[in-house]
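Peer 1: Here it is: the structure, laid out below.
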Amino acid sequence: MATDRGCSRAGSRDGDALASQPLSARARPWSSLLSVIVLAGVWGWWFLDLDLSALIPAQANRLVIFRFFSAALHPALTYESSVPPETAPLWLKAAQAAGMTVVFAAACMSLAFLLALPLAIAASAVWWSSVLDPGRKQHALLLALAGSGYAVARATIGLLRSIHELLWAVLLLAALGLTPLSALFALAIPYAGMLAKGISELLDEAPRGPTAAVRSTGATRLQQFCFGIVPTVFTDLTAYFLYLFECALRSSAVLGFFGFPTLGYFISASFENLHYREVWTYLYTIFLLAAITDVCSGAIRKRMTA
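Counted the way my numbering counts, the sequence shown spans residues 997 to 1302.
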């Protein structure tokens, strides 16, 4: 209760300070950001020499576009061409591909979390301030190691995030072959970088009220970190993790274009055969997976904040 009152007072002070600012001062950061976005868009449009007329398809392609999008109104429930008698029904094949997509996404996020957790802690300034007590004289070597660890962790996270999962897939699948393990690492590496960055920022931006309450019990600085900071970010971390899992579902589907039996594999095969109704069946399956994930994510967050 003391912690809640402390956080409440801190939030009230922040709100009062914001309300006391003139309207022009509060709007200035947003107007500056909007100006930068508009200028960047105008410069990019000019530099790329964009022309809206390029969006108008040629006469020969208009029929293809019409057939593709009209197929969205009546997706296939059965195959559009003859198949061997032992072939599984279309709905079952879509369900199996969806299951494989979920398996890849779940394995990807599990591995990404294991890779991200030590990086996130090492890249968190609040972690090093918990380990190194500023009130005590620290050994120069220990301070140097802490600074190096922080810098290396931040650089590693930046490297992992800067390379897209498709490029990781091209590199790893070419080097290690078309194996599920190489595909899993191709997905997990960039997601580990994104997850590590998110965790480290959540830790650094966590409210300090609970930490003060834990400190008042005589806890050590490490205990303050574990029991005062980490619990406060758990809800936001869960929401971010579930969001990345939803993104991983789409990335796992794309693995099918490399030959893995996820939804992308069957989308590619159906599209090449001009079976657009089948394509939309698989696309709607991806949409269904994303919708289910979103509903489950909302239910979990609601339960955690209740």
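Backbone N, C-alpha and C define an ideal beta-carbon position, used for all residues, glycine too. For clarity, every value in this text was computed on a predicted model and none was experimentally measured.
If you pair each beta-carbon of the stretch 1172–1192 with each one of the stretch 1217–1225, do three or more pairs fall below 8 Å?
Peer 2: Short answer: they don't touch.
Peer 1: Over the uninterrupted alpha helix (DSSP H) stretch that includes Tyr-1075, give me the two end residues.
Peer 2: For the purposes of this step, residue 1075 is taken as the residue at position 79 of the sequence shown. Element bounds for Tyr-1075: n/a, residue is neither H nor E.
Peer 1: Hey, would you say the C-beta of His-1070 is under 7 Å away from at least one heavy atom of the ligand NAD?
Peer 2: Ligands in the displayed structure: none, and consequently the ligand NAD is not present.
Peer 1: Quick one: give me the first and last residue of the alpha helix (DSSP H) that Gly-1095 is part of.
Peer 2: To locate residue 1095, count along the sequence shown from 1; it is residue 99. Here the alpha helix (DSSP H) through Gly-1095 covers 1086–1118.
Peer 1: For Ala-1287, which residues in the same chain have their Cβ closer than 7 Å to its Cβ, ignoring the five residues on either side in sequence?
Peer 2: Along the sequence shown, read from residue 1 onward, the residue named residue 1287 stands at position 291. Excluding positions up to five away in sequence, the list is empty.
Peer 1: Does DSSP put Asp-1290 in a helix, in a strand, or in coil?
Peer 2: On the sequence shown, position 294 is the one that residue 1290 refers to. Here Asp-1290 sits in helix by DSSP.
Peer 1: Rounded to whole angstroms, what's the CA-CA distance from Phe-1262 to Ala-1091? Just pull it up for me.
Peer 2: The residue labelled residue 1262 in the question sits at position 266 within the sequence shown. The residue labelled residue 1091 in the question sits at position 95 within the sequence shown. Between Phe-1262 and Ala-1091, the C-alpha separation is close to 12 Å.
Peer 1: Are at least three pairs of beta-carbons, each pair with one atom in the stretch 1223–1233 and one in the stretch 1261–1280, less than 8 Å apart?
Peer 2: Touching, no, given that fewer than three Cβ pairs across the two stretches are closer than 8 Å.
Peer 1: Does DSSP classify Phe-1262 as helix, strand or coil?
Peer 2: Position 266 of the sequence shown holds residue 1262. Three-state DSSP puts Phe-1262 in a helix.
Peer 1: Is there contact between the stretch 1160–1179 and the stretch 1077–1094, where contact requires at least three CB pairs shorter than 8 Å?
Peer 2: Short answer: they don't touch.
Peer 1: I'd like to check one pair, Ala-1192 with Ala-1116: are the Cβ atoms closer than 8 Å?
Peer 2: Within the sequence shown, residue 1116 is the residue found at index 120, counting from 1. Within the sequence shown, residue 1192 is the residue found at index 196, counting from 1. Result yes, Cβ atoms of Ala-1116 and Ala-1192 sit closer than 8 Å.
Peer 1: Which residues in the same chain have their Cβ closer than 7 Å to the Cβ of Cys-1292, if we skip the five residues on either side of it in sequence?
Peer 2: As a first step, residue 1292 is located in the sequence shown; it is residue number 296 there, counting from the start. Same-chain partners within the cutoff: there are none.
Peer 1: Could you tell me the alpha carbon to alpha carbon distance between Leu-1030 and Val-1079, rounded to whole angstroms?
Peer 2: Working through the sequence shown from its first residue, we reach residue 1030 at position 34. Working through the sequence shown from its first residue, we reach residue 1079 at position 83. C-alpha separation (whole angstroms): 55 Å.
Peer 1: Ends of the alpha helix (DSSP H) at Pro-1257?
Peer 2: For the purposes of this step, residue 1257 is taken as residue 261 along the sequence shown, with counting starting at 1. Taken as a continuous stretch (DSSP letters only), Pro-1257 belongs to no alpha helix (DSSP H), as it is neither H nor E.
Peer 1: Tell me which residues share the same chain as Ala-1103 and place their Cβ nearer than 6 Å to its Cβ, disregarding the 5 neighbours each side in the sequence.
Peer 2: Start at 1 with the first residue of the sequence shown, and residue 1103 comes out as number 107. Here the set comprises Leu-1180.
Peer 1: Check for me: the alpha helix (DSSP H) holding Arg-1246 runs from which residue to which?
Peer 2: Sequence index remark: in the sequence shown, residue 1246 carries index 250 (1-based). It spans 1226–1250 - the alpha helix (DSSP H) in which Arg-1246 sits, taken as one unbroken run.
Peer 1: Quick one: measure Cβ to Cβ for Met-1105 and Phe-1237, integer angstroms, because I've assumed they're closer than 8 Å.
Peer 2: The residue you call residue 1105 lines up with position 109 of the sequence shown. The residue you call residue 1237 lines up with position 241 of the sequence shown. Sure, about 7 Å apart at Cβ, within 8 Å.
Peer 1: Based on Cα-Cα distance, which residue from Leu-1251, Ile-1195, Pro-1071 and Ile-1052 lies nearest to Pro-1176?
Peer 2: Locating residue 1176 in the sequence shown gives position 180, where the first residue counts as 1. Checked all of Leu-1251, Ile-1195, Pro-1071 and Ile-1052; the closest Cα to Pro-1176 is Leu-1251.
Peer 1: Cβ of Val-1148 within 8 Å of Cβ of Asp-1200?
Peer 2: Position 152 of the sequence shown holds residue 1148. Position 204 of the sequence shown holds residue 1200. Not closer than 8 Å, so no.
Peer 1: Is the stretch 1057–1067 in contact with the stretch 1271–1279, if contact means three or more CB pairs nearer than 8 Å?
Peer 2: Contact between the stretch 1057–1067 and the stretch 1271–1279 is present, because at least three Cβ pairs lie under 8 Å.
Peer 1: Our contact map puts Ala-1108 next to Ala-1056 with C-beta atoms below 8 Å; I'd like the distance itself, whole angstroms only.
Peer 2: Translated into the one-based positions of the sequence shown, residue 1108 becomes position 112. Translated into the one-based positions of the sequence shown, residue 1056 becomes position 60. Actually they are not in contact, since the Cβ atoms of Ala-1108 and Ala-1056 sit about 44 Å apart, beyond 8 Å.
Peer 1: Based on Cα-Cα distance, which residue from Leu-1088, Ala-1118 and Thr-1228 lies nearest to Arg-1150?
Peer 2: Locating residue 1150 in the sequence shown gives position 154, where the first residue counts as 1. With distances taken between Cα atoms, Arg-1150 lies closest to Ala-1118.
Peer 1: Should Gly-1224 go down as buried or exposed, given a rule of 16 or more other Cβ atoms within 10 Å for buried?
Peer 2: Reading the sequence shown from its first residue, position 228 is the one you call residue 1224. Classification of Gly-1224: buried, given that the 10 Å Cβ count is 16 or more.
Peer 1: Starting from Glu-1082, trace the alpha helix (DSSP H) in both directions and tell me its first and last residue.
Peer 2: In the sequence shown, counting from the first residue as 1, residue 1082 sits at position 86. Taken as a continuous stretch (DSSP letters only), Glu-1082 belongs to no alpha helix (DSSP H), as it is neither H nor E.
Peer 1: At the level of alpha carbons, what is the spacing between Val-1032 and Leu-1088?
Peer 2: Taking the sequence shown and counting its residues from 1, the one referred to as residue 1032 is at position 36. Taking the sequence shown and counting its residues from 1, the one referred to as residue 1088 is at position 92. Distance between the alpha carbons of Val-1032 and Leu-1088: 49 Å.
Peer 1: If you run the structure through DSSP and keep just helix, strand and coil, what is Pro-1025?
Peer 2: Along the sequence shown, read from residue 1 onward, the residue named residue 1025 stands at position 29. Helix, per DSSP.
Peer 1: Please report how far the alpha carbon of Val-1034 lies from the alpha carbon of Ser-1049, in whole angstroms.
Peer 2: The sequence position of residue 1034 within the sequence shown is 38, counting from 1. The sequence position of residue 1049 within the sequence shown is 53, counting from 1. One C-alpha to the other measures close to 22 Å.
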